[in-house]
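Q:
Residue numbers (UniProt numbering): 1 to 208.
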């Protein structure tokens with residue numbers, strides 16, 4: 001699905017002008033990529049954030065610049081460290097017929113059998129790098145862990161069949177696993193340690 005986003009050309013790059021752009025609610029940005037000369041633009045802050053939240057980081061955006069409509073993706077962005085506000089964005093014009101490499105978030109679904117039995121679910125990877133044509137890039141990759149028992153894992157190789165994208169991670173990379181819980185001393189062991197300890201002397205009299 002392609003979503004539309006309006007952009008304005010930005011010719012004056014003075015810091016004072018850029019500051020006014022942000023004050024007006026827009027985000028300074030740069031556009032480059034497939035058959036596009038790099039150009040500076042600005043987009044509405046609220047509309048960009050809404051697009052990314054609703055459609056995902058890898059959404060195909062129909063960016064309107066004057067009378068041109070370009071298929072782009074949000075390639076990168078910068079935020080203000082303290083306030084977390086969006087202060088700059090990079091848009092990459094894509095060729096819809098060519099494959100590209102992107103990172104896709106992983107969504108874990110279900111409650112593992114092993115967790116119900118006391119195991120601990122571990123997720124080493126939160127994103128997977130995949131290769132696909134722009135329209136075939138998934139918003140997220142769902143991994144169902146319901147059948148995992150203690151000691152079981154799901155590897156990158158388990159996700160490769162029947163998809164419109166190629167997973168580029170090492171096939172042996174672990175996405176999720178259920179680990180044996182840390183061993184805790186039993187009640188008998190704890191009692192034994194207490195009995196073996198030297199008793200504390202209360203109000204012991206001094207030899208002096």
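Just so you know, even glycine gets a beta-carbon here, dropped at the ideal spot from N, CA and C. All of these numbers come straight from a predicted model, not from anything done at the bench.
Out of curiosity, what's the CA-to-CA distance linking residue 25 and residue 122?
A: Whole-angstrom Cα-Cα distance: 41 Å.
Q: So, do the segment 80-94 and the segment 27-45 have three or more beta carbon pairs nearer to each other than 8 Å?
A: Yes, the segment 80-94 is in contact with the segment 27-45.
Q: In the DSSP assignment, find the unbroken alpha helix (DSSP H) run with residue 142 in it and report its ends.
A: Element bounds for residue 142: not the alpha helix (DSSP H) but the beta strand (DSSP E), 141-144.
Q: Starting from the N-terminal side, write out each stretch of the beta strand (DSSP E) that is 3 residues or longer and does not extend beyond the UniProt domain "Large ribosomal subunit protein bL25 L25" (5-91).
A: The qualifying runs are 26-33, 36-44, 60-65, 68-79.
Q: Counting beta carbon pairs with one atom in the segment 129-148 and one in the segment 168-179, are three or more of them shorter than 8 Å?
A: With the cut-off at 8 Å, the segment 168-179 and the segment 129-148 touch.
Q: Determine the direct distance from the alpha carbon of residue 118 to that of residue 184, and round the result to whole angstroms.
A: For residue 184, the predicted structure reports a pLDDT of 43, less than 50, and the residue's modelled location is therefore unreliable. A value from the coordinates is still provided. About 12 Å.
Q: Below 8 Å, how does it come out for the segment 95-113 and the segment 38-48: are there three or more Cβ pairs, yes or no?
A: With a cut-off of 8 Å, the segment 38-48 and the segment 95-113 do not count as touching, because too few Cβ pairs lie within range.
Q: Whose C-alpha, out of 124, 22, 128, is nearest the C-alpha of residue 80?
A: Here the closest residue by C-alpha is 22.
Q: How many angstroms separate the CA atom of residue 70 from the CA atom of residue 140?
A: If you take the alpha carbons of residue 70 and residue 140, they lie about 24 Å apart.
Q: Classify residue 101 as helix, strand or coil using the three-state DSSP reduction.
A: Three-state result, residue 101: strand.
Q: Please report how far the alpha carbon of residue 39 lies from the alpha carbon of residue 165, in whole angstroms.
A: Their Cα atoms are separated by approximately 31 Å.
Q: State the beta-bridge partners of residue 135 as determined by DSSP.
A: Looking at the DSSP assignment, residue 135 forms no beta bridge with any residue, so it has no partner.
Q: Cα-Cα, which of 172, 78, 168 is closest to residue 27?
A: For the residues 172, 78, 168, the minimum Cα distance to residue 27 belongs to 78.
Q: Mind checking residue 124: buried by the 16 CB within 10 Å criterion, or exposed?
A: The residue is exposed, with fewer than 16 neighbouring Cβ atoms inside 10 Å.
Q: Since residue 49 contacts residue 74 with CB under 8 Å, what's their CB separation in whole angstroms?
A: Rounded, the Cβ-Cβ distance is 11 Å, inconsistent with contact.
Q: How about residue 7 and residue 64: are their beta carbons less than 8 Å apart?
A: Yes, they are a contact pair.
Q: Between the alpha carbons of residue 232 and residue 82, how many angstroms are there, rounded?
A: The shown model of the chain, from 1 to 208, leaves out residue 232, and the question about it has no answer.
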